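Written below as structure tokens is the structure these notes are about.
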Amino acid sequence: MKGLLIKDFLILKNQGKLLALALLVYSIIAFSSGNADMVTTMLFVVSVIMPVTAIAYDEKSRWERYALATALNRRDLVLSKYLFGGLCIVCGMLLGILFTLAAEKGSAAVLLPRLRMLVVAACVGVVVQSVNLPIVFHFGVEKGRIAMFLVIAGTAALQFYLGQVGIQVSGSLFSNMPLVLYVVIAAVSFGLSIVVSNLIYSKKEF
Amino acid sequence: MENVLEVRKLRKKYDSFELQDISLDLPRGSIMGFVGQNGAGKTTAIKLILNLIRADAGEIKIFGEKHNALDRKLKEQIGVVFDECNFPEYLTAKDIILVMKNIYRSFQVERFDKLLDSLKLPKNKPIKEFSRGMKMKLSIAVALSHGAKLLILDEPTSGLDPIVRDEVLDLFLEFIQDEDCAILVSSHIISDLEKVADYITFIHEGKIIFSENKDRLLEEYGVLKCSHHDFEQIDKTKVLGYRENQFSVAALIRKKDVPKGFLVEQASIEEIMLFMTRGERAS
């Protein structure tokens, strides 16, 4: 498992220059405007898609087939991607907090809700990964992207339909939710997603 | 002689292809060449042995242990090379050390370093800049660096130039100096296998045609060349396959079945395979 994580981070290191450049550009904007939203959004998006990018590299080199012929098993491969995704989100969140504290000025009363939003974003990121990874494990990265798009479009369509029949899914319902509930929802979805992915992966042929 | 690998009546059915009752024994201290044309079922059989796909029926034993117990300890002892390098191309050989020593408990960094030196592989160059030969040598170096006792190699020499192929074959021969070790190597380059293999298993259209000691094969079969008239005198049940042209007939036959007065030439492994699959059968 450790070897798999090292491999994924080494590949990430390869993209490091591009990421560092993007981070530099966005941080200049953040510091000059006093608003770290763009940096934190970029960090959020990058950290959420990182495990799928790692899987895309694996697919390109047919790494999974080889890895399963080494001392690793299917569960190792699945868990490593979740761990990698989780670590990316935690790193993204911590960097986001640092940027917010450094770039934005204001009292604790102003900063605390912003920091809360970062933790909420991290939890949402975990939920998105939890939906995305089983789809990618099942369909592969290319087809997985289409399937993920269909999931998002379906969710939007459902929300629209519910609105049409008079059921409003209120944004304030989520924004007023206690932070701990976000964390619990993220943890449960992560756990369930791992179970589903293991099931998918155990039946996969390479 | 104790077998490192035993395969019994292995079956796998796809819509357009079926692997039927594959059986083979790989004794300790030997190299088995697994030959057959493209699409014959070599890779499917290897994938089944490595548990990458599930068999419909049959039994596999590695080091005497049943296949479903293909656990970490057992897998540590199996070195694998596929027909392409499966390491992400942005990694370097130095990165591979970091990754593999955290995958194989028994990964020997010194041994790997030595192999990199002897195979003239750069340590800090990304794999994407390697030639195909270098990539294959890197894969083989990894397989030889974690104390494996069984090497399973799927077309490791395909697409390599003769010099690199020779280097790779030397590595296999060096590996087999330890009599506890064994190699199963699939290839459609018969000349490579004729050089190094002790056993030849020939698969055709999903079926094993023969799995025998190479020397015994060469001793047993011969190519009989004669005129059409002479060929008519031969008991056709003894002919395993033949080819004819306007002037003569060449037939694969067991040397013990050669009628008196006829001469046979030594059959190569390639000829045996070709006669058995592409040669005509006497009815």
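Chains A and B, in that order, are what the protein sequence lines are.
Those letters in the first sequence? Residues 1 to 206, by my numbering.
Those letters in the second sequence? Residues 1001 to 1283, by my numbering.
No residue lacks a Cβ here, since even glycine has one placed at the ideal position from N, Cα and C.
Source: prediction; values computed, not measured.
### Query
The beta strand (DSSP E) with H1204 (chain B) in it runs from where to where?
What you label residue 1204 (chain B) is simply residue 204 of the second sequence in a count that begins at 1. First-last of the beta strand (DSSP E) with H1204 (chain B): Y1199 to H1204.
### Task
Going by CA-CA distance only, name the one from B:L1217, B:P1259 and B:L1153 that's closest to S1187 (chain B).
Numbered from 1 along the second sequence, position 187 holds the residue referred to as residue 1187 (chain B). The residue with the shortest Cα to Cα distance from S1187 (chain B) is B:L1153.
### Message
Buried or exposed, going by whether 16 or more other CB atoms sit within 10 Å of the CB of I1078 (chain B)?
### Response
Counting from one through the second sequence, the residue named residue 1078 (chain B) turns up at place 78. Buried, by the Cβ-count rule.
### Task
Below 8 Å on the Cβ atoms is my guess for L1160 (chain B) versus M1134 (chain B); work out the distance and round it to an integer in Å.
By one-based count along the second sequence, residue 1160 (chain B) stands at place 160. By one-based count along the second sequence, residue 1134 (chain B) stands at place 134. Rounded, the Cβ-Cβ distance is 10 Å, inconsistent with contact.
### Query
Exposed or buried, what is N1245 (chain B) when buried is set at 16 or more other beta-carbons lying within 10 Å of its beta-carbon?
Within the second sequence, the letter at position 245 stands for residue 1245 (chain B). Exposed, since its Cβ has fewer than 16 Cβ neighbours within 10 Å.
### Query
Who are the near neighbours of I1208 (chain B) in its chain, counting only those whose CB is closer than 8 Å to its CB and skipping five residues on each side?
Residue 1208 (chain B) sits at position 208 when you count from the first residue of the second sequence. Same-chain partners within the cutoff: D1021, I1022, S1023, L1024, T1201 and F1202.
### Query
Are there 16 or more other CB atoms within 10 angstroms of the CB of G92 (chain A), so buried, or fewer, so exposed?
Along the first sequence, read from residue 1 onward, the residue named residue 92 (chain A) stands at position 92. With 16 or more other Cβ atoms within 10 Å, it is buried.
### Task
Could you tell me which chain B residues have their CB closer than 7 Å to the CB of G3 (chain A), listed as they occur along the chain?
Sequence index remark: in the first sequence, residue 3 (chain A) carries index 3 (1-based). Neighbours of G3 (chain A) on chain B, chain order: V1099, M1100, N1102 and I1103.
### Task
Grab the span of the alpha helix (DSSP H) containing M117 (chain A) for me, first residue to last.
For the purposes of this step, residue 117 (chain A) is taken as residue 117 along the first sequence, with counting starting at 1. Residues A108 to Q164.
### Query
If F1112 (chain B) and I1097 (chain B) are in contact, beta carbons under 8 Å, what's the gap, nearest whole angstrom?
Here residue 1112 (chain B) corresponds to residue number 112 of the second sequence, with the count starting at 1. Here residue 1097 (chain B) corresponds to residue number 97 of the second sequence, with the count starting at 1. About 6 Å; that satisfies the 8 Å criterion.
### Query
Can you give the beta carbon distance from V1004 (chain B) to A1182 (chain B), rounded, assuming they're within the 8 Å contact cut?
By one-based count along the second sequence, residue 1004 (chain B) stands at place 4. By one-based count along the second sequence, residue 1182 (chain B) stands at place 182. Indeed they touch by this definition, with Cβ atoms about 4 Å apart.
### Task
Please name the residue or residues paired with N1003 (chain B) in a DSSP beta bridge.
In the second sequence, residue 1003 (chain B) corresponds to position 3, counting from 1. B:P1027, per the DSSP bridge assignment.
### Task
For the stretch 177 to 186 of chain A and the stretch 122 to 131 of chain A, state whether three or more C-beta atom pairs, one from each stretch, are separated by less than 8 Å.
yes
### Task
Quick one: which unbroken beta strand (DSSP E) runs of 3-plus residues sit fully inside the stretch 1170 to 1194 of chain B? Chain order, please.
Within the stretch 1170 to 1194 of chain B, the runs of beta strand (DSSP E) that reach at least 3 residues and sit entirely inside it are, in chain order, 1182 to 1187.
### Message
Determine whether the beta carbon atoms of D1303 (chain B) and F1262 (chain B) lie at a separation below 9 Å.
### Response
This structure cannot settle anything about residue 1303 (chain B), because the visible part of chain B is limited to 1001 through 1283.
### Task
Check whether the Cβ of K1009 (chain B) lies closer than 9 Å to any Cβ atom in chain A.
Numbered from 1 along the second sequence, position 9 holds the residue referred to as residue 1009 (chain B). Not one chain A Cβ lies under 9 Å of K1009 (chain B).
### Query
Using a beta-carbon distance cut-off of less than 7 Å, what residues from the stretch 2 to 21 of chain A approach chain B?
Answer set for the stretch 2 to 21 of chain A: K2, G3, I6, K7, L10, I11 and N14.
### Task
Out of B:E1129, B:S1227, B:D1015 and B:T1277, point me to the one whose CA is closest to L1240 (chain B)'s CA.
Within the second sequence, the letter at position 240 stands for residue 1240 (chain B). Among B:E1129, B:S1227, B:D1015 and B:T1277, the Cα nearest to that of L1240 (chain B) is on B:T1277.
### Message
Could you compute how far the alpha carbon of N1102 (chain B) sits from the alpha carbon of S80 (chain A)?
### Response
On the second sequence, position 102 is the one that residue 1102 (chain B) refers to. On the first sequence, position 80 is the one that residue 80 (chain A) refers to. The straight-line gap from Cα to Cα measures roughly 13 Å.
### Query
What residues in the stretch 188 to 202 of chain A bring their beta carbon closer than 8 Å to a beta carbon of chain B?
none
### Task
With a 10 Å radius around its C-beta and 16 neighbouring C-beta atoms as the bar for buried, classify E1179 (chain B) as buried or exposed.
On the second sequence, residue 1179 (chain B) is found 179 positions in, with the first residue counted as 1. Per the 10 Å Cβ criterion, exposed.
#### Entry: Where T1043 (chain B) falls: helix, strand or coil (DSSP)
Your numbering for residue 1043 (chain B) matches position 43 in the second sequence. If DSSP states are grouped into helix, strand and coil, T1043 (chain B) belongs with the helices.
### Message
Below 9 Å on C-beta distance, what does D1113 (chain B) contact in chain A?
### Response
Counting from one through the second sequence, the residue named residue 1113 (chain B) turns up at place 113. Near D1113 (chain B) there are no residues of chain A at all, since even the closest Cβ is about 18 Å away, more than 9 Å.
### Task
State the DSSP-derived secondary structure class of I1131 (chain B), mapped to helix, strand or coil.
As a first step, residue 1131 (chain B) is located in the second sequence; it is residue number 131 there, counting from the start. In the sequence on display, residue 1131 (chain B) carries Ser and not Ile. Residue state, collapsed to three classes: coil.
### Message
Pop quiz: I1176 (chain B) and I1060 (chain B) are said to be a contact at Cβ under 8 Å. What is the actual Cβ separation, rounded to whole angstroms?
### Response
Translated into positions along the second sequence, residue 1176 (chain B) becomes position 176. Translated into positions along the second sequence, residue 1060 (chain B) becomes position 60. The C-beta distance from I1176 (chain B) to I1060 (chain B) rounds to 22 Å, too long to fall under 8 Å, and the pair is not in contact.
### Query
For T1092 (chain B), which residues does DSSP report across the bridge?
Counted from its first residue, the second sequence places residue 1092 (chain B) at position 92. In DSSP, T1092 (chain B) forms a bridge with B:P1126.
### Query
Thinking C-alpha only, which one of B:V1223, B:Q1233 and B:K1260 is nearest R1243 (chain B)?
Here residue 1243 (chain B) refers to the residue found at position 243 of the second sequence. It is B:V1223 whose Cα lies nearest to the Cα of R1243 (chain B).
### Task
Check the DSSP bridge columns for I167 (chain A) and list the partner residues they point to.
Numbered from its first residue, the first sequence carries residue 167 (chain A) at position 167. None, per the DSSP bridge assignment.
### Message
9 Å is my cut-off, CB to CB: does L72 (chain A) come that close to chain B?
### Response
The residue you call residue 72 (chain A) lines up with position 72 of the first sequence. Judged by the 9 Å Cβ criterion, L72 (chain A) is in contact with chain B.
#### Entry: Span of the alpha helix (DSSP H) around R1243 (chain B)
The sequence position of residue 1243 (chain B) within the second sequence is 243, counting from 1. R1243 (chain B) -> not in any alpha helix (DSSP H); beta strand (DSSP E) instead, spanning V1239 to E1244.
### Query
Is it right to say D1071 (chain B) is buried, meaning 16 or more other beta carbons lie within 10 angstroms of its own, or is it exposed?
For the purposes of this step, residue 1071 (chain B) is taken as the residue at position 71 of the second sequence. Exposed, because fewer than 16 other Cβ atoms sit within 10 Å of the Cβ of D1071 (chain B).
### Query
So V1081 (chain B) packs on I1163 (chain B), CB below 8 Å; how close in whole Å?
Locating residue 1081 (chain B) in the second sequence gives position 81, where the first residue counts as 1. Locating residue 1163 (chain B) in the second sequence gives position 163, where the first residue counts as 1. That belief does not hold up - the Cβ atoms of V1081 (chain B) and I1163 (chain B) are roughly 18 Å apart, past 8 Å.
### Query
Any beta-carbon of chain A closer than 9 Å to the one on D1015 (chain B)?
For the purposes of this step, residue 1015 (chain B) is taken as residue 15 along the second sequence, with counting starting at 1. So no, D1015 (chain B) is outside the interface.
### Query
Would A121 (chain A) count as contacting chain B if we go by Cβ distances under 9 Å?
Position 121 of the first sequence, counted from the first residue, corresponds to residue 121 (chain A). With 9 Å as the cut-off, A121 (chain A) does not count as an interface residue toward chain B.
### Message
Can you tell me whether R1105 (chain B) is buried or exposed? The criterion is at least 16 other CB atoms within 10 Å of its CB, across all chains shown.
### Response
The count along the second sequence starts at 1 and reaches residue 1105 (chain B) at position 105. Exposed is the call here.
### Task
Consider the Cβ of A75 (chain A): report whether some Cβ of chain B lies at a distance smaller than 9 Å.
As a position in the first sequence, residue 75 (chain A) is number 75, starting the count at 1. One detail in the question is off: residue 75 (chain A) reads as Arg in this sequence, not Ala. No, R75 (chain A) does not count as interfacial toward chain B.
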